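K.L.:
Each step along the sequence shown adds one to the number in the UniProt record's numbering, with nothing skipped, and position 35 is 35.
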Amino acid sequence: MNREELISKLKVIVKPYIQDEEAFNNLTEDTDFIYDLKINSANLVDVVLDVEDEFDIEIDNDSMEKMLSVKAAMEIIEAKLA
């Protein structure tokens, strides 16, 4: 899976939880889930659970705490799939 496909899948996952449509439309690897998309911490847990389901991976607590941006999420997903 290439980076564009991964970003596309992440966009589908985070879409229900975003509060800032403009930031979502301009989503890049540098997009922060909390500051840019305004996803609250409770919904961030939902994002992590959805990522686990989508990619059939398990994300441990350490990785979960680091998963605050699109880039961090991509790195964690890629590491778990490797």
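Just so you know, even glycine gets a beta-carbon here, dropped at the ideal spot from N, CA and C. Model, not experiment: these values are computed from the prediction.
1. Between the C-alpha atoms of D20 and S8, what's the straight-line distance to the nearest angstrom?
2. Measure the CB-CB distance between K66 and A73 and report whether it falls below 7 Å.
3. Quick check: is any heavy atom of the ligand HEM less than 6 Å from the C-beta of V70?
4. Look at the alpha carbon of L27 and the alpha carbon of I39, and state the distance between them as a whole number of angstroms.
5. Look at the Cβ atom of V14, then the Cβ atom of V47, and state whether they are nearer than 7 Å.
P.N.:
Taking the definition as stated:
1. Spanning the two alpha carbons is a distance of roughly 17 Å.
2. Inclusion of K66 and A73 in the CB contact set at 7 Å is not warranted, their separation being larger than that value.
3. The model depicted lacks the ligand HEM and carries no ligand whatsoever.
4. Linking L27 to I39 through their CA atoms gives a straight-line distance of about 13 Å.
5. Judged by beta-carbon spacing, V47 lies within the 7 Å limit of V14, meaning their Cβ atoms are closer than that value.
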